[in-house]
Amino acid sequence: MIHRRIPEIHETVKHLLVPDSGDADGRVPVIGSRYCVEALGLPVKSEWRSWFHNHQVGGRITEYEGGLTFVTVRGAGHLVPLNKPEEALALFSSFLNGQALPSLP
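Heads up: the sequence shown is residues 572 to 676, going by the numbering used here.
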């Protein structure tokens, strides 16, 4: 199981983004992803907050010390880029450019 390998993964990963956690994902629900991320035991750098795309809530985001950022995409299922292509592009672009997701509409 993945949660048993979390300390090993944490040691090798410096910056990690979990971009494809759609909040309507029936296969890998957000609550399960949150459980795995929280099992790392990393200190929270920023609490859960909304991020925005085109003046609407794009999803939720929280950041942890050690470079891990956990993001959900509002209304997306298991295949975030298929369900929400604009939000997925905004998310991926912000990650590649080292920019924060918009926190204001």
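No residue lacks a Cβ here, since even glycine has one placed at the ideal position from N, Cα and C. In this text the structure is predicted, and so the values were computed from the model without any measurement.
The residue among Gly638, Leu639, Trp619 with its C-alpha nearest the C-alpha of Gly630 is Trp619. DSSP places Ser621 in no alpha helix (DSSP H) but in the uninterrupted beta strand (DSSP E) bounded by 615–624. By alpha-carbon distance to Glu657, the top candidate from Val644, Lys616, His649 is Val644. Note on geometry: alpha-carbon atoms of Trp622 and Leu672 lie some 6 Å from one another. Its chain contains Glu634, Tyr635, Glu636 as the residues whose beta carbon lies nearer than 7 Å to that of Lys616, once the 5 sequence neighbours on both sides are disregarded; these appear in chain order.
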